[in-house]
Amino acid sequence: MRLPPLTDHLFTGHQIDRDEPLTFTLNGIPVQGYAGDTVLSALIADGVLTAGTFCGARLGLNENLDLPIYPVGQSNPAPLPISRTPALNGVNYVTEPSRRTFKWPRLPDWLDAFRPRNLNADFSIPLNIPGPWIETPDIETLKASCVIIGGGVAGLATAIELGQAGRDVILLERRGYCGGDAPLFGRAEGEDAPEEVIASLLETLDGLETCQVHCLTEALMLDGKTVQAHKVYLLDGQAKAKLLDIQAENIVIATGCTETLPVLPGNRQPGISGLAATYHSASAYGALPAPTTAIATATNVGYRLALLLKDAGIEVTKIADSRLSPQSRFIEFSKAYGIKFESALRPHAVRCSPRSKNVELELDSSWEEESISNTQPLVAGSIIVSGGWQPRLGLWQQAEGNVALYMERGKITATGTLDHIYLAGSCAGMQSLSATIRSGKAAAGAILEGNLKRVTERPIDVAFETPDDKLTITEADVETPAFLSNGPSLVARDLKPAKAGFAALLRARTDTMGAAERALALGDLIALQLSGETAADDFDALVRERAIVSRSYTAEHADLAKTVETPEPDTEQLIPTYLAGRFGKGAVCCQIIPAEGGRFETGNLIYHSSDVAEPDAAIGVVLKPMDDSGFIALLRANAYEPDRHVAVKTSGAQIAAVLREKILMSD
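In C-alpha cells:
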C-alpha cells in the first residue's frame with residue numbers, strides 16, 4: 012500500500028517523486044513505483060510481499076534478507092541487493108542469473124487480486140553471508156583519515172567534528188539517505204525533534220569539502236585499517252555495483268541497533284514486519300503493506316510507531332505488550348489517541364493462509380503458569396512484531412573486538428577497546444538522542460586528541476519508562492519453522508517431533524535448516540543462548556567461530572584492484588588471541604586447499620570427515636586467505652598430517668579439502 016502524499020505526518024515518502032511513475036519487472040511480475048524507490052520499496056508498496064518458500068514456509072521480503080537480483084540483458088551482470096538497488100523504468104530483473112520467466116501482464120484493478128505476489132526465489136541453497144556481491148569484480152581504492160560506518164546522528168556528528176578539524180572523512184551509509192532510526196525513537200524531555208537535528212547536521216556536513224558521503228553503501232569487511240564496502244550507483248541509466256577498498260588511519264563504527272525477531276512459528280511469514288523496517292518503508296517511500304495493522308511489542312517504541320501510523324491515517328487495531336503494566340510517555344499519548352492495547356501478552360505463533368488477506372498472531376499470557384491462554388489473537392492486514400534491540404556489532408567482532416552476552420537482559424554489548432577503531436551511538440550503548448550525538452563527538456575527540464572521553468547518560472526512571480522485555484522464544488511447532496533472526500542465515504529451531512510415520516520427513520526438513528549446518532549471525536547465537544539450546548560457556552567460542560562475516564580480501568581481488576601483491580603471512584599474528592588454546596596446546600597453522608575450486612570463509616570449521624558436524628568435534632578452523640594457492644588453517648597438533656583429506660563446513664555446503672605444509676607451531 013502506498014500512503015497518500017500528506018504533509019502533516021512523517022510518512023510523506025521523502026525519497027520518492029510521485030510525478031515520475033515507473034514500471035519494472037522482477038521474475039516476470041510487473042511492479043509499479045516512483046523515481047527514488049528501491050526495488051524492495053516498490054515491491055512492498057505494490058503488494059508483492061513474498062520472496063519465496065523455505066522448508067515449506069513462505070518468506071516475507073525485507074531489507075535484512077536482501078535478496079540478490081540480476082538485470083536481464085547485461086553480459087555477466089553482477090548481483091545487486093534488492094534493498095539498495097534503485098528502481099528504474101523498463102528494467103527486467105531476475106533472482107537467478109540463468110532464470111527464465113513468463114512475463115505476467117499488468118492486470119486491471121478489478122483483477123488485481125489474481126496478480127502474482129510471490130517472487131518464488133530459490134532458497135534451497137543458503138544465501139552467502141553477507142551476500143554474493145562480496146565477489147563483485149569492480150574495485151575502487153580510496154584513502155582517508157577516517158572512515159565512519161553508519162550515517163545516523165552519531166555518524167553525522169563524528170563526521171562534522173572531524174571535517175571541521177580539516178580531516179579527510181569518508182562516511183558510509185547502507186540506505187539511500189542519512190538519519191538512521193532517531194525519528195522512530197523520538198526525543199526525550201529537553202531535546203530537539205530528531206528531524207530538526209538531522210536536518211541541521213546534514214546542512215552542516217554538506218558545507219564540508221573534506222567529507223565524502225557514500226549512500227547505498229554497506230560495509231562488508233573490517234580488517235585492521237582497511238574497510239571493504241559494497242556500493243550501488245547509477246551509471247548511464249543503469250544500476251551498477253563496485254567494491255570500495257578504503258584505507259584509513261581511524262575507523263568509527265556507528266552502525267546503530269538491529270531489531271531482534273521473536274522466535275515463534277511463522278515469524279517470517281509475509282505480512283510480518285519489524286518496527287524499524289515498517290518505519291523506514293513508510294517514512295522514506297510512503298509504503299506500508301496493508302491499510303490496517305496490529306502491533307505486538309516488547310518495547311516502548313511500538314507505541315511510538317502506533318502514534319505515527321495513526322497520524323498518517325493507518326488503522327491500528329490493537330497493541331499487545333509482553334510486559335506487565337508497562338509505563339511510558341508514548342503509552343499515555345496512545346491512550347489520548349484512543350489506541351487499544353493490552354499488557355502481559357506475548358506472541359505465540361503466526362497462522363495465515365497463502366490466500367488470506369489477513370495475518371493472525373496467536374497470543375499467550377506472559378504471567379500465567381500455563382503459557383497458552385484463551386486470549387483473542389491479533390488479526391490484521393499486517394502485523395508488526397518487535398522483539399527488542401541489539402547493537403550492531405558484527406564489524407566490531409570481525410575486527411577482533413570482544414562482545415559479552417548478559418543473560419538476565421538478553422543483550423550483547425561490546426567490551427574492551429581496539430586501537431584506531433571506535434564505537435559511537437547506540438551500538439556503543441547510547442539510548443537518548445543527545446547521548447548519541449555526544450558519543451559521536453567523543454569518538455572524533457579520541458581521533459583528534461588521542462583521548463577517548465567516557466560518555467554517560469542518565470536513564471529515565473523505570474517508574475516512567477519500563478525497560479524492554481527479554482526476547483520472546485516459544486515452543487517449537489510441528490509444521491512451521493521458527494527462525495532465530497531476520498537476516499539471510501535462515502537458521503530455524505528444530506521442528507517439534509511429530510507422531511510416528513511422519514517424523515522421518517520432518518527430520519529431513521529440519522536438517523536442512525539446523526544451526527549446525529549454517530553460518531550464524533549474532534542474532535542467531537543470542538536466540539540459541541536464551542532458548543538454552545547452547546551452553547552459556549560456549550557463547551564466546553561460538554561467536555568467534557560461527558558468527559564471523561566472511562572476509563573477501565583475496566589475492567584475486569587484489570589483482571583486479573591493481574593493489575600491492577599480498578605479502579607473506581606474518582606468522583606471529585596468524586592466531587587471534589580469542590583462539591588461544593581453542594585447539595589445544597601446540598596447535599598447528601598450515602595451508603589448506605579446497606577441492607574443485609571451492610571457497611572458504613574465515614571461521615569455517617574443519618572436521619575429520621563429512622560424518623561429523625558438531626562444533627565441539629571440530630579439529631580446526633579456517634583463519635584467513637593465504638594467497639592464490641589456498642587458505643590458512645589452525646588445527647589440533649595431533650590432527651595435522653601433510654596431504655591429509657578433511658571436510659570443511661561452509662555456509663552453503665560441505666567442501667572437501669587437503670592439508671599442505673605447516674606454517675607455524677603455536678605455543
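With the working numbering as the guide, the letters of the sequence shown map in order to residues 12 to 678.
Positions of the beta carbon are idealized from the N, C-alpha and C atoms, including for glycine.
Note that this is a predicted model, so its numbers are computed, not measured.
Rounded to a whole number of angstroms, what is the C-alpha to C-alpha distance between residue 524 and residue 664?
-> Residue confidence is low: residue 524 scores 48 on pLDDT, short of 50, so the model does not pin down where it sits. No coordinate-derived value is stated.
Residue 656: buried (16+ other C-beta within 10 angstroms of its C-beta) or exposed?
-> Counting Cβ neighbours within 10 Å, residue 656 comes out exposed, since fewer than 16 surround it.
Please report the Cβ distance between residue 193 and residue 444, rounded to the nearest whole angstrom; I am assuming they are in contact, meaning their Cβ atoms lie under 8 Å.
-> With a Cβ gap of about 6 Å, residue 193 and residue 444 count as contacting.
Any idea if residue 152 is buried or exposed, counting beta-carbon neighbours within 10 angstroms, 16 or more meaning buried?
-> Here residue 152 is exposed. Its C-beta has fewer than 16 other C-beta atoms within 10 Å.
Please look up how many angstroms separate the CB atoms of residue 293 and residue 299, rounded, as I've assumed it's under 8 Å.
-> Sure, about 5 Å apart at Cβ, within 8 Å.
What's the call for residue 373, buried or exposed, on a 16-neighbour Cβ count within 10 Å?
-> By the neighbour-count rule (16 or more Cβ atoms within 10 Å), residue 373 is buried.
Using DSSP bridges, identify the partner residues of residue 433.
-> Looking at the DSSP output, residue 433 sits in a beta bridge with 263.
May I ask you to verify whether the stretch 241-253 touches the stretch 85-97, counting CB pairs closer than 8 Å and requiring at least 3?
-> Counting Cβ pairs under 8 Å, three or more are found: they touch.
Length of the line joining the Cα atoms of residue 615 and residue 176 | So the two alpha carbons sit approximately 43 Å from each other.
Span of the beta strand (DSSP E) holding residue 375?
-> 370-376 is the span of the beta strand (DSSP E), which, as asked, contains residue 375.
Limits of the unbroken beta strand (DSSP E) element including residue 207 | Annotation for residue 207: no beta strand (DSSP E) segment contains it, though the alpha helix (DSSP H) segment containing it runs 205-217.
Identify whether residue 338 lies in helix, strand or coil by the three-state DSSP scheme.
-> The three-state secondary structure of residue 338, taken from DSSP, is coil.
Could you tell me whether the stretch 537-557 touches the stretch 306-322, using the rule of 3 or more Cβ pairs below 8 Å?
-> No: fewer than three Cβ pairs fall under 8 Å.
Same chain, Cβ closer than 6 Å to residue 371, neighbours up to 5 away in sequence not counted = Around residue 371: 362, 363, 388 and 390.
CA-CA distance, residue 470 and residue 202?
-> Distance between the alpha carbons of residue 470 and residue 202 is about 14 Å.
Could you pull out every unbroken beta strand (DSSP E) segment of at least 3 residues lying fully inside the stretch 621-654, listed in chain order?
-> 631-638 and 641-646, all fully within the stretch 621-654.
Leaving out the 5 sequence neighbours to the left and right, which residues in its chain are closer than 7 Å to residue 572 when beta-carbon positions are compared?
-> Residue placement at residue 572 is poorly supported in this model, since its pLDDT is 32, which falls under 50; the coordinates still yield a value, given next. Result list for residue 572: 150, 152 and 256, in chain order.
Rounded to whole angstroms, what's the CA-CA distance from residue 612 to residue 544? Just pull it up for me.
-> If you draw a straight line from the Cα of residue 612 to the Cα of residue 544, it comes to about 25 Å.
With distances taken from CA atoms, which of 219, 232, 273 and 500 is nearest residue 146?
-> Residue 146 has its Cα closest to that of 232, out of 219, 232, 273 and 500.
Is the beta carbon of residue 534 sitting closer than 8 Å to the one on residue 408?
-> No.
Identify whether residue 276 lies in helix, strand or coil by the three-state DSSP scheme.
-> It is coil, neither helix nor strand.
Same chain only: Cβ atoms within 6 Å of residue 404, ignoring 5 sequence neighbours per side = Cβ neighbours of residue 404 beyond the five flanking positions: 414 and 425.
Among 23, 12, 336 and 107, which one has its Cα closest to the Cα of residue 38?
-> It is 107.
With residue 660 as the anchor, note down where its alpha helix (DSSP H) starts and where it stops.
-> Where residue 660 is concerned, there is no enclosing alpha helix (DSSP H), although the beta strand (DSSP E) it sits in stretches over 656-660.
Tell me, please, whether the stretch 454-465 touches the stretch 165-181 by the rule of three or more beta-carbon pairs shorter than 8 Å.
-> They touch, by the three-pair rule.
Run through DSSP, which three-state label would residue 438 get?
-> DSSP places residue 438 in helix when its eight states are reduced to three.
Do you know how far the Cα of residue 494 is from the Cα of residue 101?
-> So the alpha carbons of these two residues sit roughly 36 Å apart.
Coil, strand or helix - residue 26 by DSSP | If DSSP states are grouped into helix, strand and coil, residue 26 belongs with coil.
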